[in-house]
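Take the sequence shown: its letters are residues 43 to 148, numbered as in my numbering. Here a beta-carbon is modelled for each residue, glycine too, at the ideal position from N, C-alpha and C. Take a look at the structure set out below.
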Amino acid sequence: MEYTLIVARMAPEDTERVSGVWAESDATELPRLAGVRQRRLFRFNGLYFQLIGAEAGMAGRIEGLRGHPLFQDVNRKLKPFIEAYDPLTWRSPRDAMAEEFYAWNA
43 MEYTLIVARM
53 APEDTERVSG
63 VWAESDATEL
73 PRLAGVRQRR
83 LFRFNGLYFQ
93 LIGAEAGMAG
103 RIEGLRGHPL
113 FQDVNRKLKP
123 FIEAYDPLTW
133 RSPRDAMAEE
143 FYAWNA
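Pasting the structure below:
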């Protein structure tokens with residue numbers, strides 16, 4: 043399994059709305075199309091973290107799904123609550139993905 047961490051900004055009071063949007067989206071075929079197997083959401087001091095466990099190559103599939111109606115729907119619903127970590131440099135979902143630099147498994 044491949045893991046991806048997405049970092050953005052979110053007001054703490056929006057956690058229920060954001061988790062509701064994701065629950066609705068995860069009940070559709072979108073996770074399967076993207077190869078997503080797990081999603082976990084975290085918040086910390088105004089930051090939003092989305093940890094995704096997926097089949098290899100998920101980042102590339104996400105780019106290919108940007109025009110899909112389900113992808114556009116979830117992004118439209120999240121827009122009032124999630125802000126890019128650095129709006130001046132954000133161009134695509136890949137710009138919000140943290141870079142893994144160490145991993146360890148028992």
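Asked: Give, in chain order, every unbroken run of the beta strand (DSSP E) that is at least 3 residues long and sits entirely within the stretch 48-112.; Found: 78-86, 89-96
Asked: Find the nearest neighbour of Leu47 within the set Glu55, Val78, Asp56, judged by alpha-carbon distance.; Found: Val78
Asked: Below 8 Å, can you find three or more Cβ-Cβ pairs linking the stretch 52-62 to the stretch 129-142?; Found: no
Asked: In this structure, how does DSSP classify Ala138 when only helix, strand and coil are distinguished?; Found: helix
Asked: As a quick exercise: from Thr70, Gly95, Lys121, pick the residue whose alpha carbon is nearest that of Leu83.; Found: Gly95
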